[in-house]
Each structure stands twice: as C-alpha cells, then as structure tokens.
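K.L.:
Got a structure for you, written out below as structure tokens; questions coming shortly.
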Amino acid sequence: MRQQAERLDPARTLFIAATKSGGTIETMSLLKFFYNRTCEAVGVDEAGAHFAAITDPGSGLAELAQALNFRHVFLNDPNIGGRYSALSFFGLVAAGSIGLDLDGLLERARSMAAECARSRRNPGALLGTILGASALAGRDKLTLVSSPPIAAFGAWVEQLIAESTGKEGKGILPVDNEPLAPPSAYAGDRIFVYLRLRGDASLDRSIQALIEAGHPVVQLNLYDLEDLGGEFFRWEIATTVAAYCLAVNPFDQPNVEAAKVLAHTMVEAYRTQNQLPHREPTFQSAAITVFGEAPVPSLKAAIDALLARAHSGGGRSYIALQAYLKPAARTDRALNDLRLLLRSQTRMATTLGYGPRFLHSTGQLHKGDAGRGLFIQFTSDASADLAIPDQPGESASAISFGILKSAQALGDHQALLDSKRPLLRIHLGTDVLAGLEHVRQALS
Numbered sequence: 000m001r002q003q004a005e006r007l008d009p010a011r012t013l014f015i016a017a018t019k020s021g022g023t024i025e026t027m028s029l030l031k032f033f034y035n036r037t038c039e040a041v042g043v044d045e046a047g048a049h050f051a052a053i054t055d056p057g058s059g060l061a062e063l064a065q066a067l068n069f070r071h072v073f074l075n076d077p078n079i080g081g082r083y084s085a086l087s088f089f090g091l092v093a094a095g096s097i098g099l100d101l102d103g104l105l106e107r108a109r110s111m112a113a114e115c116a117r118s119r120r121n122p123g124a125l126l127g128t129i130l131g132a133s134a135l136a137g138r139d140k141l142t143l144v145s146s147p148p149i150a151a152f153g154a155w156v157e158q159l160i161a162e163s164t165g166k167e168g169k170g171i172l173p174v175d176n177e178p179l180a181p182p183s184a185y186a187g188d189r190i191f192v193y194l195r196l197r198g199d200a201s202l203d204r205s206i207q208a209l210i211e212a213g214h215p216v217v218q219l220n221l222y223d224l225e226d227l228g229g230e231f232f233r234w235e236i237a238t239t240v241a242a243y244c245l246a247v248n249p250f251d252q253p254n255v256e257a258a259k260v261l262a263h264t265m266v267e268a269y270r271t272q273n274q275l276p277h278r279e280p281t282f283q284s285a286a287i288t289v290f291g292e293a294p295v296p297s298l299k300a301a302i303d304a305l306l307a308r309a310h311s312g313g314g315r316s317y318i319a320l321q322a323y324l325k326p327a328a329r330t331d332r333a334l335n336d337l338r339l340l341l342r343s344q345t346r347m348a349t350t351l352g353y354g355p356r357f358l359h360s361t362g363q364l365h366k367g368d369a370g371r372g373l374f375i376q377f378t379s380d381a382s383a384d385l386a387i388p389d390q391p392g393e394s395a396s397a398i399s400f401g402i403l404k405s406a407q408a409l410g411d412h413q414a415l416l417d418s419k420r421p422l423l424r425i426h427l428g429t430d431v432l433a434g435l436e437h438v439r440q441a442l443s
C-alpha cells in the first residue's frame, strides 16, 4: 500500500472502484484511502473526477459515487453473479482502460456462446462433464497449466471453480501456479487442464510426459490472446455443468460470510479494547510463534502433527498455504520452496494464496468441501502501517490496513476451526524471510 501510494501521482491517475455489493471492505477501504490522497493533491472539488465505479444499481458504492461526483458510474446487470461477471462491466471496463480490443474479445465470446448453444458438441458442457465426472471418480484436484503469456487466467478460474463447487461437503480444488513436476510427483487425484497459446511449446514436453504416464490431460488451444474472451464463456458454462454433476448450486456461496462476520467481530474488539483477540501459542522460538491444537516441543513436531491428519485413501488431502504477508518476489520464492518441499514429501496437491485475496477465491471451498484440506496460515507484524479513513474526505480513522489484515487472518482462522479443519498458524514476526527459512529448515 505504501509503495503504491508513493508511486502513484493522484493528479494523473484514474481510480476504478469495483464491487458488486458496493460494500466489500477491501475495496471501500482502498477507495477511502486514495480518495483522501487525491483530495490532498487536487482539492476536494476536483477529486471525484479521478474516480469511476463499477457496481450494482442501488448499492452503497453507487450512492457514494454520486455524492462524490465520480467521473462515471458503470451500473452492472444485478442478475450476473460476481464470479461470472468477466464479460460484463466488471471485466470489460478494466480491459478497455488498458487498451485491449474489446470488439475482438467479445467476438470470440459470442462465437463460443454460439457453440455452447448446441445440444451436441458443446465445448462448455463437454469440459464441465469431464471435470464433474472426474471429481466423482476421485480426481478432484483440477491442476491448471497455462502458457506463460496467459498464466494469470488461472487466478480467475480458481475463484470460479472453488466458489461454485466447494460446498455441501463436495468440491473441485483448483490448483493454480503449482510448478510442473515429473509424473511420479502426482497421485491419482489429479486432472490437468492445459491452456496452450499458439506458438508456445515451452510446456509441451512436460505435458506429454503426464499423458504417457496415464494422467488425464485436457488441452485447450488458444489461437491468440483474444481467444480468452471465448475461454471466459467456456469456463462459466463448464463450471455450472460440473456443479450440476456434483449436485450443488453453482450460484451461491454459503460459507463465505462466516469469515467476514468473524473478521468484523475482531475489528469491533479492536475498536473497543484497542487490541485484537489473543490466543496462547503452542510453540515459540526466537524466529516464529506457532498456534496449533496442542503444545509441541518444536516447529517440526507441529508440522508433523498437521500432516499426520492427511487422508490417503478415497478423497486425498491437499495442503493450502495461506500467506497473510506482504507480496514480494523474495517472499514468493520462499513460499514456493515450501510448497515444493511439501509436495515432494507428501505427493499432495498444494495451493498458495495471499490473504485476504484468497478469501474471495478459495475461501468458500476451504470451509465448504469434504474437509480434506490441511491449512498452514502465515502471519507477520507490519513494519509500517497506514490508516483507513472512517469516511472519504475525512481524517478520522479507527483502524489501519494492518489491523484489518490481521483481523481477517484471525477471522479466517476461527472460521476454519469452526469448520473442523486441521490448521496451523505460524506467526513470522517482523522478519518474514528469516521466519520462512526457519520453516524450510524444519521441513527439510
């Protein structure tokens, strides 16, 4: 946040606030923060012209945008679910603002929609049936492999699949950005989907090795980047069909609210007591503090106790690394090292997400699936913090971004415990890299 605030010149920036509900706490906190910065740079009378909003009609954001004289308010069709909205204002405004060819993108989407309207040879229904049937057969770890130029597409698929299918004790786990390994590294709970961009053969050899070893692989060929328009539509149809196969409603998210409510409780506790609720650690050293189910003599013992709860039979476990840390290249590398170590030692699928982002992506599945996940949550102390204005244009502030992030981590921690999920929280203090190295040594 501080780096972005220092990098941006508000006088030369258009901020786009996008939230379907009009009340998403991260979006609204960022809006208030940058609105105040813009007021300081250009004055209150001109600040609104540096903002646009995308939201549903009648939402709190729609009303606020009107009151603050935003440059434009894009009112989206309220019948479109948030995770199915890539081809609405929520996706297209951002795409158009960076100069993408929207006509080309939408033409590919229309072409895919026409193909999916057929009762036979329907690309979306075919993919969805494969994913749903595979999940019912025990291959419920959807491992996404993409050509590097389109690798970011997996983050969108991750939310779509996880929130749509992960409920009522069922679900398909999307595994995104997990580095490819030799076929022997994978158990029989995987299905791979390879999104290959024409002209990019960088992953072909690894994919062929998986096929020859007997792992199921679905290959989707993209002619160029505009084909992503068609893929958005294909995957939305596929996800609804896969959910139908699992007999779950693809359009609700019954477990998302639990972590939000608990985070709100943590924030209110901070407002009244000037501190967040505190748990007693189960192990502590100079580098890390561990919060688990029972006291242990070492970090290694804590990790071993968590991994001992894995399911190896029908419905294999997976490991979810939840990083409530500052995203940075060195932190990425350290977390990926842990991810690969865990996979090589257990042959379990691994996921990695930064919080609070993943709460809006895989958070529903974490609490709503069959309970096969093993969760390792990383938290840290903020080395620097920024206040969240209580209201846009006003200086009063009750909490900071650091407190909000910590409250969300604690809320998700409690929501996982309430859902009877095996969980280990490792607090890394102020030296995140040293703490992660401590964890790596324990795993090694």
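Numbering (my numbering), first residue to last: 0 to 443.
Every residue, glycine too, gets a C-beta built ideally from N, C-alpha and C.
Predicted, not measured: the structure shown is a model, and the values here were computed from it.
Give the DSSP-derived three-state secondary structure of I425 in the structure shown.
P.N.:
Here I425 sits in strand by DSSP.
K.L.:
Among the candidates Y243, Q390, L427, Q363, whose CA atom is the shortest distance from the CA of A381?
P.N.:
A381 has its Cα closest to that of L427, out of Y243, Q390, L427, Q363.
K.L.:
Shortest alpha-carbon distance to D331 belongs to which of R36, E436, A93, A116?
P.N.:
The shortest C-alpha separation from D331 is found at E436.
K.L.:
Is the beta carbon of V247 closer than 8 Å to that of T128?
P.N.:
No; because the gap between Cβ atoms is not below 8 Å, this pair is not in contact.
K.L.:
Measure the beta-carbon distance from A161 to S360 and round it to whole angstroms, keeping in mind my assumption that it falls under 8 Å.
P.N.:
Rounded, the Cβ-Cβ distance is 6 Å, consistent with contact.
K.L.:
Quick check: V174 and L209, are their CB atoms within less than 8 Å of each other?
P.N.:
Result no, Cβ atoms of V174 and L209 do not sit closer than 8 Å.
K.L.:
Please report how far the alpha carbon of P296 lies from the alpha carbon of A132, in whole angstroms.
P.N.:
Taking the straight line from one Cα to the other gives about 44 Å.
K.L.:
Roughly how many angstroms separate the alpha carbons of A293 and T281, rounded to a whole number?
P.N.:
Taking the straight line joining both Cα atoms gives about 6 Å.
K.L.:
Helix, strand or coil for Y222? Go by DSSP, reduced to three states.
P.N.:
Coil.
K.L.:
Can you list, in chain order, the stretches of the alpha helix (DSSP H) that have 4 or more residues and sit fully within the stretch 289 to 359?
P.N.:
With a minimum length of 4 residues, the continuous alpha helix (DSSP H) runs that stay inside the stretch 289 to 359 are 298 to 306, 328 to 345.
K.L.:
What residue does the beta strand (DSSP E) around K166 start on, and which one ends it?
P.N.:
It is not in any beta strand (DSSP E) - K166 carries neither H nor E in the DSSP assignment.
K.L.:
Does the Cβ of N254 have 16 or more other Cβ atoms within 10 Å, making it buried, or fewer, making it exposed?
P.N.:
Buried, because 16 or more other Cβ atoms sit within 10 Å of the Cβ of N254.
K.L.:
Which residue wins for smallest C-alpha separation from F377, given the options A397, P355, A386, Q363?
P.N.:
Of the candidates A397, P355, A386, Q363, the one whose C-alpha sits nearest the C-alpha of F377 is P355.
K.L.:
Buried or exposed, going by whether 16 or more other CB atoms sit within 10 Å of the CB of D368?
P.N.:
The residue in question, D368, is buried, as its Cβ has 16 or more Cβ neighbours within 10 Å.
K.L.:
At 4 residues or longer, what runs of the alpha helix (DSSP H) sit wholly inside the stretch 68 to 129?
P.N.:
With a minimum length of 4 residues, the continuous alpha helix (DSSP H) runs that stay inside the stretch 68 to 129 are 88 to 96, 101 to 115.
K.L.:
Which of helix, strand or coil does DSSP assign to R189?
P.N.:
In the structure shown, R189 sits in a strand (DSSP, three-state: E or B).
K.L.:
Can you tell me whether T271 is buried or exposed? The criterion is at least 16 other CB atoms within 10 Å of its CB, across all chains shown.
P.N.:
Burial call: exposed.
K.L.:
Let me check understanding here. Comparing Cα to Cα, which of Y83, L74, A48 lies closest to L60?
P.N.:
Measuring from the Cα of L60, the nearest candidate turns out to be L74.
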